[in-house]
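A.B. asks: Residue numbers for the sequence shown follow the numbering used here, beginning at 779 and rising by one.
Built from N, CA and C at the ideal position, the CB exists for glycine as well.
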Amino acid sequence: MSFVETYRGTVHQWQVDNVEHFTVAYYFERFQDATAALLHALGLARDAAGTRAITECRVRYLKELRVGDILHIRSGVVAVEDGVLVLGHEVVESASGTVCTTVEQRAHGPAEPDRVAALRGAFTVPPEPPRTAPATASGGTGFIDTSRDTVKPWEVDECGAADWPAQVHRFSAANAHVIAAFGMTPVYMRDQRKGFSTFQFDLRFVGAARVGDLVLVRTGLLHVGSSSIRLVHAMTNAVTGERVATLEQSGVHLDLDARRPAPLPDDMRARARALLVS
């Protein structure tokens, strides 16, 4: 196999969310480590490593990771397209050897050809599901303000910009606000033993947020099915309006005891569909 191990660790108690599994922001903390290790293995200069080299990141969550689970990440090159590296990561539950998450990234910047060849061909990218272009989520009917705060000094990477976990923590908060708008509130989820479980991320890095910047996330619902929900978030600098990142997120209404998708209550589904953006 043409891959390199880029991370090995465990899921800690404080990294688990209200759905009782590994929080997506902490996945991205691991992805950040794995990406830095892979870019180093590919011979990318250190100042080209980090978030600025990656413009897109697509994640598929295939199997839950829960408290105490051990994991490792193996990484390689999926393809080279017009000078852009398509990178792949597989998150493996180490005890069973099960692949629980796949990541596909697009990276810009020169890499050493021999190293690219050595790490190429490890991954077969799964067939893409039907997808639509991300919505223009900076405004418009149906989009609501879902997160607003400032970037803290401990949230930036070596390039001085808000790192991936910092951005994803805000998107998670935004998700909680938008689903509460149609009745999927924290009280409902606690009382009914239900939650929102993400199965796919399509994340695009457009700009940068730095220490002290006021950032705003606006969110719109794109699709509401029997149990599935798809939404789009846009993070901007709230002062300048400059786009920082966008995230298209797909997930399900989850039964926390059965660990299976559960249909949304009819009244909740109706309220959600009334909030759909065009």
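1. Under 8 Å, with one C-beta from each stretch per pair, do the stretch 996–1005 and the stretch 921–941 reach the 3-pair mark?
2. Cutting at 7 Å between CB atoms, please list the residues of its own chain near Arg1051, excluding the five before and the five after it.
3. Would you kindly check if the distance between the Cβ of Tyr785 and the Cβ of Ile851 is under 9 Å?
4. Which residues mark the beginning and the end of the beta strand (DSSP E) in which Ala857 is found?
5. Look up Arg824 in the DSSP assignment and say whether it is helix, strand or coil.
6. Roughly how many whole angstroms lie between the Cα atoms of Asp811 and Gln978?
7. Using only the alpha-carbon positions, how far apart do Val965 and Leu981 sit?
8. Just how far apart, CA to CA, sit Arg1038 and Thr1024?
9. Return the residue from the list Val845, Thr876, Leu817 that minimises the CA-CA distance to His886.
10. Could you give the residue range of the alpha helix (DSSP H) that holds Val956?
11. In chain order, what residues of the same chain lie with their CB nearer than 8 Å to the CB of Phe800, ignoring the 5 residues before and after it?
C.D. replies: Per the coordinate set shown:
1. yes
2. Val1002
3. yes
4. Residues 848–859.
5. Note that Arg824 scores 48 on pLDDT, short of 50, meaning its location in the model is unreliable; the coordinates nonetheless yield the value given after this. Three-state DSSP puts Arg824 in a helix.
6. 20 Å
7. 29 Å
8. Across the structure, Arg1038 and Thr1024 are spaced so that their CA atoms are roughly 28 Å apart.
9. Leu817
10. 942–958
11. So the list reads Val789, Gln793, Val794, Glu842, Leu843, Arg844, Asp847, once near-sequence residues are dropped.
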